[in-house]
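Trainee: A single structure is presented below for examination.
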Amino acid sequence: MKYLFISAVLFFSAVQTSYAQLLHAREIFSKADSLRGTLTPLRTCYDIQYYHLDVKVDIPNKSISGTNLFRFKATTDFQKLQFDLFENLSVDKVTYHGRELPFSRAYNAVFVDFPQVIEKGRIDSFTVHYSGTPIAATRAPWDGGFDWKKDSTGKPWVATACQGLGASVWWPNKDHQSDEVDSMLISVAVPTGLMNVSNGRLIKTEQLPDNYTKYHWKVVNPINNYNVALNIGDYAHFSEIYNGEKGPLTFDYYVLQENKGKIEHLRKNARETLQAFEHWFGPYPFYEDGYKLVETAHLGMEHQSAVAYGNKYKNGYLGNDGSGTGWGLKWDFIVVHETGHEWYGNNITSRDLADMWIHESYTNYSEALFIDYHYGKRASQEYVYGNRKAIRNDRPMQGPYGVNKEGSGDMYPKGGVFHHMIRTIIDDDDKWRSILRKMNKTFYHQTVDYADIVTFLNAETGINFDSIFAQYVQHKTLPTLEVKQMPNGQIACRWMAETPNFQMPIHLGVKGQKSQQYKVGSTFTTIPLEIAKIGDLDIDTFNYYIRVSTQ
Numbered sequence: 048m049k050y051l052f053i054s055a056v057l058f059f060s061a062v063q064t065s066y067a068q069l070l071h072a073r074e075i076f077s078k079a080d081s082l083r084g085t086l087t088p089l090r091t092c093y094d095i096q097y098y099h100l101d102v103k104v105d106i107p108n109k110s111i112s113g114t115n116l117f118r119f120k121a122t123t124d125f126q127k128l129q130f131d132l133f134e135n136l137s138v139d140k141v142t143y144h145g146r147e148l149p150f151s152r153a154y155n156a157v158f159v160d161f162p163q164v165i166e167k168g169r170i171d172s173f174t175v176h177y178s179g180t181p182i183a184a185t186r187a188p189w190d191g192g193f194d195w196k197k198d199s200t201g202k203p204w205v206a207t208a209c210q211g212l213g214a215s216v217w218w219p220n221k222d223h224q225s226d227e228v229d230s231m232l233i234s235v236a237v238p239t240g241l242m243n244v245s246n247g248r249l250i251k252t253e254q255l256p257d258n259y260t261k262y263h264w265k266v267v268n269p270i271n272n273y274n275v276a277l278n279i280g281d282y283a284h285f286s287e288i289y290n291g292e293k294g295p296l297t298f299d300y301y302v303l304q305e306n307k308g309k310i311e312h313l314r315k316n317a318r319e320t321l322q323a324f325e326h327w328f329g330p331y332p333f334y335e336d337g338y339k340l341v342e343t344a345h346l347g348m349e350h351q352s353a354v355a356y357g358n359k360y361k362n363g364y365l366g367n368d369g370s371g372t373g374w375g376l377k378w379d380f381i382v383v384h385e386t387g388h389e390w391y392g393n394n395i396t397s398r399d400l401a402d403m404w405i406h407e408s409y410t411n412y413s414e415a416l417f418i419d420y421h422y423g424k425r426a427s428q429e430y431v432y433g434n435r436k437a438i439r440n441d442r443p444m445q446g447p448y449g450v451n452k453e454g455s456g457d458m459y460p461k462g463g464v465f466h467h468m469i470r471t472i473i474d475d476d477d478k479w480r481s482i483l484r485k486m487n488k489t490f491y492h493q494t495v496d497y498a499d500i501v502t503f504l505n506a507e508t509g510i511n512f513d514s515i516f517a518q519y520v521q522h523k524t525l526p527t528l529e530v531k532q533m534p535n536g537q538i539a540c541r542w543m544a545e546t547p548n549f550q551m552p553i554h555l556g557v558k559g560q561k562s563q564q565y566k567v568g569s570t571f572t573t574i575p576l577e578i579a580k581i582g583d584l585d586i587d588t589f590n591y592y593i594r595v596s597t598q
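Using the numbering used here, the letters of the sequence shown correspond one by one to residues 48 to 598.
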């Protein structure tokens with residue numbers, strides 16, 4: 048995913064209609080934002096089951112043309128629907144059973160009228176014909192569009208990256224994360240001599256009469272729109288079999304010809320990453336589509352089963368360790384982080400971009416779990432603690448719903464620190480691992496929201512995390528642990544937080560002795576610890592991300 052390396056709809060649950068929405072109510076969103084981010088009846092009336100995206104890339108003119116077949120199932124009776132395509136691209140026509148359909152456009156939304164009512168339960172299809180010059184990304188993957196580059200020999204090297212901005216920046220689709228297509232065929236024609244690598248498995252290569260070659264890639268698992276990608280270049284291909292938790296898994300590597308000698312770096316990091324993540328999260332979620340690393344000019348993206356890789360064959364983040372601990376220099380950041388998204392982001396996907404913190408917080412924490420698996424728990428704790436300096440506490444990690452808006456970039460470092468703290472609260476590493484594995488099994492190939500995650504953790508742990516998630520995800524400030532010493536030498540604690548009735552257990556102890564976990568709420572609780580002075584109290588601020596006020 049695009050990192051700040053410091054590195055949906057209008058139907059909300061009671062948990063979601065919270066301070067986060069009130070805070071963002073002061074922001075002004077346009078009609079275009081609502082059309083892009085809101086699930087109206089024109090979008091919920093149909094469920095996408097299959098796409099066939101068939102596109103030709105004109106590299107000299109930086110333009111594209113092609114079609115996309117929408118196969119859908121009607122979820123209600125309807126005669127009009129919305130799909131999405133950026134307004135700078137032309138909708139040449141929309142065809143349905145041999146006839147052209149009337150359509151209208153508003154910003155990046157396209158509205159199609161059918162000649163008769165499409166009845167609930169019917170499986171039907173239409174095809175969008177389109178063309179134009181897509182937006183060129185200037186800082187992929189932080190902005191979206193086509194990344195038109197050349198390799199060191201001057202050959203074209205092209206990729207797409209569109210998370211956040213939306214897949215409709217380059218191809219027509221129902222551009223909302225809540226509806227993942229069940230399967231897909233991606234057909235991409237490129238000048239002969241170049242290769243296109245997309246998601247899934249290559250099922251056919253077709254030589255076209257105009258000196259173009261078309262590559263057909265089949266995806267058999269559900270995939271969210273922004274993960275659909277094309278990668279064009281003069282690639283060398285290496286493959287191997289990894290014996291994973293579900294059996295043989297194909298590993299494929301597509302690297303520039305000039306980097307063939309560096310393939311062992313990717314092989315080593317890929318094997319170590321899958322070992323760690325299958326241990327913590329369960330089987331890789333897309334065995335049927337395989338696992339690929341595809342070299343790109345941009346830094347990287349979690350394109351499902353075709354992870355984009357641009358870390359220049361270096362350990363760390365382009366050779367740097369943001370944690371400052373040294374642990375981040377023992378592995379390739381992009382291989383680990385982007386592969387972590389195969390579980391959080393691709394297997395488990397947020398329904399609304401507002402909950403992108405689910406993708407990024409868990410995936411940021413997956414870096415620490417990778418370290419934990421290979422180097423031990425203390426190393427992972429140090430890495431998490433080192434990442435705190437990147438946290439800004441500027442905005443909530445959760446964004447506003449219904450307008451295609453994500454929350455603060457704190458969802459990366461603060462999100463990772465937060466999940467490590469949840470692990471500390473649970474205080475049982477075997478149980479924590481089983482929870483992460485069950486989460487990926489329970490929400491396998493599904494979309495989720497804030498309430499789904501909190502409800503799941505509450506049920507699995509027997510701990511009420513409602514106020515904890517509300518404070519850390521929907522507010523920007525940290526809770527403050529207020530501590531005072533009683534006349535008898537014991538201490539009393541309470542939490543000060545924006546979330547009403549905030550409660551969170553905390554590990555406390557006397558310095559030099561083993562600490563214990565105590566339940567603390569918003570009113571003072573006496574802790575059975577006797578100390579000579581407040582400075583003798585040991586508060587676990589290494590594993591908890593809090594403020595402390597003593598008196």
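Cβ atoms here follow ideal geometry from the backbone N, Cα and C, with glycine treated the same way. Here the structure is a predicted model, which is why all the values come from computation and not from measurement.
#1: Going by DSSP, what residues sit across from residue 171 in a beta bridge?
#2: Can you tell me whether residue 579 is buried or exposed, with buried defined as 16 or more other CB within 10 angstroms of its CB?
#3: Look at the alpha carbon of residue 422 and the alpha carbon of residue 411, and state the distance between them as a whole number of angstroms.
#4: With DSSP run on the structure shown, which of helix, strand or coil describes residue 503?
#5: Pick from 115, 130, 104, 106: whose alpha carbon is nearest that of residue 88?
#6: If I follow the unbroken beta strand (DSSP E) through residue 530, where does it start and stop?
#7: Residues in the same chain with beta-carbon distance under 6 Å from residue 330, minus the five sequence neighbours each way, listed in chain order, please.
#8: Which word fits residue 466, buried or exposed, when buried means at least 16 other C-beta atoms lie within 10 angstroms of its C-beta?
#9: From the DSSP secondary-structure annotation, give me the bridge partner or partners of residue 563.
#10: Is the segment 269-288 touching the segment 197-208, taking contact as three or more C-beta pairs under 8 Å?
#11: Where residue 402 and residue 453 are concerned, what is the direct C-alpha to C-alpha distance, given to the nearest angstrom?
#12: According to the neighbour-count rule (16 or more other Cβ atoms, all chains shown, within 10 Å of its Cβ), is residue 284 buried or exposed?
#13: Here's a check: name, in chain order, each residue in its chain whose Cβ is nearer than 8 Å to the Cβ of residue 462, leaving out the five neighbours to either side.
#14: State the DSSP-derived secondary structure class of residue 415, mapped to helix, strand or coil.
#15: Can you tell me whether residue 226 is buried or exposed, with buried defined as 16 or more other CB within 10 angstroms of its CB?
#16: Would the segment 383-393 count as touching the segment 309-326 if we require 3 or more Cβ pairs under 8 Å?
#17: For residue 375 and residue 369, which I take to be in contact (beta-carbon distance under 8 Å), what is that distance rounded to the nearest angstrom?
#18: Quick one: what's got a C-beta closer than 8 Å to residue 530's C-beta in the same chain, skipping five residues either side?
#19: Considering only C-alpha positions, which residue in the set 593, 554, 500 is nearest to residue 574?
#20: From 132, 564, 105, 154, pick the residue whose C-alpha is nearest to that of residue 204; which is it?
#21: Could you check where the alpha helix (DSSP H) with residue 236 kicks off and where it finishes?
#22: Select from 219, 189, 561 the residue whose C-alpha is nearest the C-alpha of residue 159.
#23: Please classify residue 551: is it buried, with 16 or more other beta-carbons within 10 angstroms of its beta-carbon, or exposed?
#24: Classify residue 346 as helix, strand or coil using the three-state DSSP reduction.
#25: Per the DSSP calculation, residue 206 is bridged to which residue(s)?
#26: For the alpha helix (DSSP H) that contains residue 518, what are its first and last residues?
#27: According to DSSP, what are the bridge partners of residue 543?
#28: Starting from residue 220, follow its DSSP beta bridges and name the residues at the other end.
#29: How many Å lie between residue 149 and residue 269 at the Cα?
#30: Would you mind stating whether residue 503 and residue 490 have Cβ atoms separated by less than 9 Å?
#31: Please state the DSSP three-state secondary structure of residue 584.
#32: Note down, in chain order, each residue of its chain lying with its Cβ closer than 6 Å to the Cβ of residue 125, except the 5 sequence neighbours on either side.
#33: Could you tell me whether any Cβ in chain D is nearer than 9 Å to the Cβ of residue 215?
#34: Please name the residue, chosen from 263, 100, 222, 251, that lies closest to residue 86 on a Cα-to-Cα basis.
#35: Which residues share a DSSP beta bridge with residue 303?
#36: From what residue to what residue does the beta strand (DSSP E) around residue 378 run?
Mentor: Taking the coordinates as given:
#1: Position 124 of the sequence shown, counted from the first residue, corresponds to residue 171. Paired residues: 119.
#2: The residue given as residue 579 occupies position 532 in the sequence shown. Per the 10 Å Cβ criterion, exposed.
#3: Here residue 422 is taken as the residue at index 375 of the sequence shown, counted from 1. Here residue 411 is taken as the residue at index 364 of the sequence shown, counted from 1. One C-alpha to the other measures close to 17 Å.
#4: As a working note, residue 503 is residue 456 in the sequence shown. In this structure, residue 503 counts as helix in the three-state DSSP scheme.
#5: Position 41 of the sequence shown, counted from the first residue, corresponds to residue 88. Minimum Cα distance to residue 88 is reached at 130.
#6: Your numbering for residue 530 matches position 483 in the sequence shown. Residues 527-532.
#7: Taking the first residue of the sequence shown as position 1, residue 330 is located at position 283. Excluding residues within five positions, the ones whose Cβ falls inside 6 Å are 292, 293.
#8: The sequence position of residue 466 within the sequence shown is 419, counting from 1. Result: buried.
#9: As a working mapping, residue 563 is identified with position 516 in the sequence shown. Beta-bridge pairing links residue 563 to 555.
#10: yes
#11: In the sequence shown, the residue the question calls residue 402 occupies position 355. In the sequence shown, the residue the question calls residue 453 occupies position 406. Straight-line Cα distance between these residues: approximately 7 Å.
#12: The residue given as residue 284 occupies position 237 in the sequence shown. Residue 284 is exposed by the Cβ-count criterion.
#13: For the purposes of this step, residue 462 is taken as residue 415 along the sequence shown, with counting starting at 1. Taken in chain order, the residues that qualify are 404, 407, 408, 409, 411, 412, 444.
#14: Taking the first residue of the sequence shown as 1, we reach residue 415 at position 368. In this structure, residue 415 counts as helix in the three-state DSSP scheme.
#15: Within the sequence shown, residue 226 is the residue found at index 179, counting from 1. So residue 226 counts as buried.
#16: yes
#17: By 1-based counting over the sequence shown, the position of residue 375 is 328. By 1-based counting over the sequence shown, the position of residue 369 is 322. So it is a contact: roughly 6 Å between Cβ atoms.
#18: Mapped onto the sequence shown, residue 530 falls at position 483. Excluding sequence neighbours, residue 530 sits near 538, 539, 540, 581, 584, 586, 595, 596, 597, 598.
#19: Here the question's residue 574 lines up with position 527 in the sequence shown. Of the listed residues, the one whose Cα sits closest to residue 574 is 554.
#20: As a working note, residue 204 is residue 157 in the sequence shown. The shortest Cα separation from residue 204 among 132, 564, 105, 154 belongs to 105.
#21: Here the question's residue 236 lines up with position 189 in the sequence shown. That residue, residue 236, is in no alpha helix (DSSP H); its beta strand (DSSP E) goes 230-238.
#22: Your numbering for residue 159 matches position 112 in the sequence shown. Looking at the Cα atoms, 219 is the closest of the given residues.
#23: Along the sequence shown, read from residue 1 onward, the residue named residue 551 stands at position 504. Buried, since its Cβ has 16 or more Cβ neighbours within 10 Å.
#24: Here residue 346 corresponds to residue number 299 of the sequence shown, with the count starting at 1. Coil at residue 346, not helix or strand.
#25: Stepping through the sequence shown from its first residue, residue 206 is reached at position 159. DSSP output for residue 206 lists 194, 278 as bridge partner(s).
#26: Start at 1 with the first residue of the sequence shown, and residue 518 comes out as number 471. Taken as a continuous stretch (DSSP letters only), the alpha helix (DSSP H) holding residue 518 covers 513-521.
#27: In the sequence shown, residue 543 corresponds to position 496, counting from 1. Its beta-bridge partners are 527.
#28: In the sequence shown, residue 220 corresponds to position 173, counting from 1. Partner(s): 131.
#29: Here residue 149 is taken as the residue at index 102 of the sequence shown, counted from 1. Here residue 269 is taken as the residue at index 222 of the sequence shown, counted from 1. Straight-line Cα distance between these residues: approximately 30 Å.
#30: Here residue 503 refers to the residue found at position 456 of the sequence shown. Here residue 490 refers to the residue found at position 443 of the sequence shown. Cβ distance < 9 Å, so residue 503 and residue 490 count as in contact.
#31: On the sequence shown, residue 584 is found 537 positions in, with the first residue counted as 1. Three-state DSSP puts residue 584 in a strand.
#32: Here residue 125 refers to the residue found at position 78 when the sequence shown is read from its first residue. So the list reads 92, 165, once near-sequence residues are dropped.
#33: No chain D is part of this structure, which consists of one protein chain only.
#34: As a position in the sequence shown, residue 86 is number 39, starting the count at 1. Residue 222 is the option with its Cα nearest to residue 86.
#35: Numbered from 1 along the sequence shown, position 256 holds the residue referred to as residue 303. DSSP lists 282 as partners of residue 303.
#36: Counting from 1 along the sequence shown, the entry for residue 378 is found at position 331. Taken as a continuous stretch (DSSP letters only), residue 378 belongs to no beta strand (DSSP E), as it is neither H nor E.
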